[in-house]
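Worksheet: the structure to be examined is printed underneath.
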Amino acid sequence: MITALSLVGCTLAMISSWFVAHGRLKPVYVIGIALNLCFIAINALLAMGGESGVLLLTVPSAWGIVTSILGLRRLAGRNGKPAN
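This is the structure:
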């Protein structure tokens, strides 16, 4: 399960970087939410295996979710267009 989630996470990160390179921010924010949820799931699975210290890594993932949501809200205020 951890391997599958890791593959999903790597794939999402590559797709996100492609959208960043093309200046398409809305998909970047949506993928960022999914990617960070994937990282939280990986860390939870590792913690269930006895590595409880890895739960500290959920903090940056939670922050990534918050910033992605804020980015989506900002884009909604600009009708989906990034600032020039």
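When the sequence shown is numbered by the working numbering, its final residue is 1259 and no position is left out of the sequence of numbers. Idealized CB from N, CA, C, for every residue including glycine. In this text the structure is predicted, and so the values were computed from the model without any measurement.
Around the beta-carbon of residue 1185, fewer than 16 other beta-carbon atoms lie within 10 Å, marking it exposed. In this structure, the straight-line span from the alpha carbon of residue 1225 to that of residue 1254 is close to 46 Å. DSSP places residue 1176 in the coil class of the three-state scheme, outside both helix and strand. Looking from the CA of residue 1241, the closest CA among 1206, 1227 and 1229 belongs to 1206. For residue 1223 and residue 1238, the gap between their C-alpha atoms comes out near 22 Å. Across the set 1191, 1197 and 1234, the C-alpha of 1191 shows the shortest separation from the C-alpha of residue 1204. Rounded to the nearest whole angstrom, the CA to CA distance from residue 1177 to residue 1188 is 16 Å.
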